[in-house]
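Chains as they are written, first to last, in my numbering: chain A, 1 to 555; chain B, 1001 to 1555.
Every residue gets a Cβ at the ideal spot worked out from N, C-alpha and C, and that includes glycine.
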C-alpha cells in the first residue's frame, strides 16, 4: 500500500524508525528477517574504497544495533510471525549508470559543489525472499540509501526483522544543505577532541546531515594550526595540546567526506578576532579593551584593523592558507557583530580611514573583497553571516551564501538581496539558548535567546515563510548550531541530539511534518543513537516511548 | 588577616576554591605546599573504619586532583614562591572529646535524627611548617573538614600548594538540611545504574550536601524491590534488570552514609501510583484512564483507592516494608497532585466513601494517618509535599517535614501551619525546567516551569523571605531537584552540576552571597569535579574561567 508520509506511524504495528522520512515511501505489512547469510553486495566494478567501508559499517549496525521495537512488549507478540518470516538474502548496490570516467568515490562526491551533488536513491526490499536492491545515480546516493536500509530493522530473540515488507523507497532531499554548526573556540577546559568531532560526524551521517559548519576559532581561542601562521595557535590556543593540527584537519575532513559530509570551515572576520592579538597585536584594534561591552558583544573585545593595508593582506593570506587545508567548496569569513565603537576608538584605524579617504563601510568592502578574492584564487566560494548584506552591505560574488542568524524575521530582507540563504536563525536553531546567561555578575542570569529551542519548534519552522516563489529557490537549506560558551565534551551529545535530527528531517523531507506523527520515530532514533554510542537526550519517559501517542497532550 | 566572606576571591592571587564557603574563615598570603611525606593522621583510639576510608579517599584527591590555579598562567608565575615554600608535614584529626560510649562511626552520625547531627569543625593550616589540625565534636564534622581540606590545594610542576596560608576555619552549616532529589522512575531507557547514583553521592559529598531525597518510584515504573511486595517491581519495572534490589539499596545507603549523606526514600501516595495497578489492580482507581489529562497531571493516570480499607492497609504495610530497607529517620509518603476527578469517576471509591460516610478529605486523612502510623511503628518520621498541609490538609505528627514545590510563594502559608519546611520550589530549584515540554502533540513545546533555573537564580534565593523570626526557625534547609522525564544517565552530571552546588552553598553558608564573588569559586568547583570524574557543565568559556571577573557584565 502507498501511504502518506505522516500516516505511516499510525498504520504500522510499531513506530517506523526511518529518520529523516524518505520523500517517497511505500510499505507493506509482511514480516521479513535478515537471512543468516545476509550480505551486502556492491555490483560496481572497482567500487571505491570508501563505499566498501560504508557497506562494512552498515553490516556492523545491522549486527549491533539490536534495537527492540518501541512497543510495550518490545516486539514479543510478533515472535511467531517473525519466526515464520521469509529471509532476506542480500542487498545489492548498483549505479544506474557508470560514469564515463568511472565511478567516483563517496568522499569526492560529498565535497563536490553543492549544486552538483546527487543524494537520491531508490531502495526496494521485497517480501518474497528475493534480494533487496539499492540503486542511485551516485556513490553518495548509495550511501544515503545504505543509511536508510540500516534503520529498517528491529531485533527480537536473535532475529533482525521488519514487519513492514515490502518496502519501496524513492528518496531525495528537498534541500541540498542540511547542516550542523559546531563552535570549537569557546569551550570550557579544552576544545573538543578529534574523537568528539568524529562521533558527531557519525551521528550527523545517520540523519543525512551533509555539512559540518565548523566555527573553529573565535575571540577566546585559536585552536587551528595554519601553516605559515602557526603563531596564531601557538599563542592563541588554550594550551599547546588544545589545537587542531593540519594532520587532525585531514583526519577529520577525510572521516567526514567518507560519511557524505562536507566541512565548511569558518574563521570569523573582522570581529571575533581578539585572540589574534596574542601573536599579531599590530592587526587588532581594541584588543581586550574594557569595558568589553562597549567594544564587543562578548568578551574579549578585539577586531581586525580592516582599514590597514597590511591587515587586509595578512587576513587574506591567512584565510587562504587556512582554506587550503579543507577540500570543500565553501569557506566562511563570518562578518557578524562588527562593533563600530571599537574602530571609532582605534587611532590606527581612524588614521588609515583618513589617509585613504574611506568610510568604515568602504574599508569593510575592500577588506572583504580582498579576503574573498584570495579564497576564489584557490577555487573557494564565500559564506558570510547576514550582517554582510543587511547591516553592513558589502560587495559579494553572486555565489556567496548568506546565513541568517539574528532572527528568522530577517530572512525576507536577505532574500531581497538575491543571495542564497542557509537558515540558521537563533530563534529556531540555536541549541545553546535557554541555559542561562554566561556573563558574570548577572544575578537574573537568563539567556539572551531564551527560551530553549525545542525540537518541536525547529521541526515546525517554515523555510519559505514570506518568500516569493522565486525567492524560495534561494533557500539552500538550514542547520542547527551549537555555540559552546556553556558546552563541552560533557554535554555535546545530549545538547545536540535528538534536536539536530529534527532540523535534519525538516530540510531533507521538507516542511509540513507534524510533531505528533514524528515523535514515535524520533524516539526510535534516540534509542538507536544510544545503541551506537551517542548519548542522545531523552524525549519522554520510557513508558511513553513504548506507547506511541499515549502521552500526547490530547490522548 | 580576617576577611569578609565575599571579599575573599578579590583579595587572593587566584580564586579560592572552597565550596561551600566556610562560615568562619581567615586566610593569609603565604605559600605552603604538601610535604613529600605528607600524611593524614587520626588521633582517635579505634577510629571508625569509615573515617579511615574517608581519610584514604582524601589522600587520593590530594594526589590526583591536580587542579591548576584558574588564572591565566595557571600558577606558573608563582613557581619560585611555591618552590621556596615551607612544607606541610601532616594533618591530624581529633575529636574535641571522645564520647563516653566511644567514637561513633561517620555512617551512624550521618543518619542520626537531623536535630542531633553535628557537622561543624575547625581546621588550622599553619604557614610555618608545623602540622595542620582538624578538630570536631563528631566524626561527621571531621569528614566535613576533610572535604574542605581537600579543596585548599592547587597543582604546579609536581607541587601541591596553596598561596593562602595560614588558613583558619571555624565552620558549621547554617541549615541542617542540604539536599538533592533524584527521580529514578521516569527516566528514558532504564533507571540510573547504581554506579550513576554512587557517582552522584560522591559529588554531593564534595559540596557537603547531606541528604539524597530519592523519589524511587512513580506512575511510569516501580524499580524498587520490596520484600513481600516483589510483584510491584516484577510487573512494574521497565525490565527485570531495571530494579534496585534490597542488596542494591543496602549498597547505596551504606555508600551514602560513609559520605555523610542520609537517604530519604519516597514512595509517592496516593497519586503517582498508576504502575501499582500492574500487580495490584484492585488498589488503583482510574488506572491508565483516558484522556489522561482529566485524571492526572501527567500520564499514566492512576491513584491508590484511599477510601478502601484494604488499600489503606496494603499501602501502610507496603510503605513499612519499604522503609525498613533504609536506615534514616525520614520517609516521604508524597501526597502531591491528587486528582479529584479520578476518585469522582471511580465507582469503588465512591462506594467506599458512601458506606463509611466519609468525604474525600476525611478518607485522605485516615489513609495518611494509617501510613504514617506504620512508619512511626518502626521509628520513622514522615515527609510530605505541600498539598498535605495546604490543598488537602490532613492530620500530621508535629515532626513531619513539609516540602514546598509548587511555588516559593507557598512557603509563607506552609509556615503558618507550623510544620518544618524544606525548600524545593519549582521556581528556584527544579533542575529539569526549561528543556521543553515532554508531552506529545505539543508543537510550541515549552516547559511548564520555564525558564531554565540558573545557578544564579537559586543562589540568590532568600530562605526566610516573608517569614517571621519564629517561622524562620521552621526552615530546615533546601534542595535541588531532578525530575527525569527528559533526563537519564546521558545528562545526569551536566544537568545537575554545578547548579546543585550553588544551592548547597546557599544552605550551608547561608543566604546573602553574591554571584559575582561566587563565580570564580564555582568555576574551580567545576574543574575539580571534572578531575574527579563528574562531567559538570561549563559556566563560561575557559578564557573567562582563568580571568576571574573579566567576563562580568560590567567589567
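Contact with chain A by residue i, beta-carbon distance below 9 Å
| i | result |
| --- | --- |
| residue 1555 of chain B | yes |
| residue 1342 of chain B | no |
| residue 1435 of chain B | yes |
| residue 1519 of chain B | yes |
| residue 1302 of chain B | no |
| residue 1186 of chain B | yes |
| residue 1530 of chain B | yes |
| residue 1428 of chain B | no |
| residue 1009 of chain B | Bear in mind that the predicted position of residue 1009 of chain B carries a pLDDT of just 42, short of 50, making it too unreliable to give a figure here. |
Within chain A, partners of residue i - CB distance below 7 Å
| i | result |
| --- | --- |
| residue 1551 of chain B | 299, 439, 440 |
| residue 1180 of chain B | Under the 7 Å cutoff, chain A gives no residues; its nearest Cβ is about 18 Å from residue 1180 of chain B. |
| residue 1238 of chain B | 542 |
Cβ pair residue i, residue j closer than 9 Å
| i | j | result |
| --- | --- | --- |
| residue 1419 of chain B | residue 1401 of chain B | yes |
| residue 197 of chain A | residue 103 of chain A | no |
| residue 1421 of chain B | residue 1476 of chain B | yes |
| residue 1288 of chain B | residue 1439 of chain B | no |
| residue 140 of chain A | residue 124 of chain A | no |
| residue 432 of chain A | residue 447 of chain A | yes |
| residue 144 of chain A | residue 59 of chain A | no |
| residue 534 of chain A | residue 202 of chain A | yes |
Closer than 7 Å at the beta carbon, the chain B residues around residue i
| i | result |
| --- | --- |
| residue 393 of chain A | Going along chain B, no residue has its Cβ under 7 Å from residue 393 of chain A, so there is no contact; the nearest lies around 31 Å. |
| residue 443 of chain A | 1456, 1460, 1515 |
Chain B residues whose Cβ lies nearer than 9 Å to that of residue i
| i | result |
| --- | --- |
| residue 293 of chain A | 1553, 1554, 1555 |
| residue 451 of chain A | 1434, 1436, 1446, 1447, 1450, 1451, 1452 |
| residue 154 of chain A | Chain B residues near residue 154 of chain A: none, gap ~16 Å exceeds 9 Å. |
C-alpha gap between residue i and residue j, whole angstroms
| i | j | result |
| --- | --- | --- |
| residue 108 of chain A | residue 244 of chain A | 23 Å |
| residue 539 of chain A | residue 1486 of chain B | 5 Å |
| residue 1250 of chain B | residue 1326 of chain B | 8 Å |
| residue 507 of chain A | residue 537 of chain A | 21 Å |
| residue 1578 of chain B | residue 1093 of chain B | This structure gives no information on residue 1578 of chain B, because the portion of chain B shown stretches from 1001 to 1555. |
| residue 275 of chain A | residue 236 of chain A | 6 Å |
| residue 130 of chain A | residue 62 of chain A | 19 Å |
| residue 1273 of chain B | residue 1303 of chain B | 5 Å |
| residue 1076 of chain B | residue 1156 of chain B | 7 Å |
| residue 221 of chain A | residue 231 of chain A | 12 Å |
| residue 186 of chain A | residue 426 of chain A | 17 Å |
| residue 1027 of chain B | residue 1149 of chain B | 13 Å |
| residue 1179 of chain B | residue 1328 of chain B | 14 Å |
| residue 1038 of chain B | residue 1079 of chain B | 20 Å |
| residue 372 of chain A | residue 339 of chain A | 21 Å |
| residue 213 of chain A | residue 332 of chain A | 9 Å |
| residue 1442 of chain B | residue 1544 of chain B | 38 Å |
| residue 1166 of chain B | residue 1030 of chain B | 7 Å |
| residue 24 of chain A | residue 219 of chain A | 45 Å |
| residue 493 of chain A | residue 132 of chain A | 33 Å |
| residue 1041 of chain B | residue 1171 of chain B | 21 Å |
| residue 1416 of chain B | residue 1468 of chain B | 10 Å |
| residue 36 of chain A | residue 90 of chain A | 10 Å |
Burial state of residue i (16 or more Cβ within 10 Å)
| i | result |
| --- | --- |
| residue 11 of chain A | Any answer about residue 11 of chain A is weak, because its pLDDT of 41 lies below 50 and its placement is not dependable; what the coordinates show is given next. With fewer than 16 other Cβ atoms within 10 Å, it is exposed. |
| residue 1217 of chain B | buried |
| residue 262 of chain A | buried |
| residue 1210 of chain B | buried |
Where residue i meets chain B, residues with beta-carbon distance less than 8 Å
| i | result |
| --- | --- |
| residue 486 of chain A | 1537, 1538, 1539, 1540 |
Chain B contact for residue i (CB, 9 Å cutoff)
| i | result |
| --- | --- |
| residue 493 of chain A | yes |
| residue 166 of chain A | no |
| residue 489 of chain A | yes |
Under 9 Å from the C-beta of residue i: neighbouring residues of chain A
| i | result |
| --- | --- |
| residue 1220 of chain B | 541, 542, 543, 544 |
| residue 1290 of chain B | 550, 555 |
| residue 1317 of chain B | The contacting residues do not exist; residue 1317 of chain B stays about 26 Å from chain A at best. |
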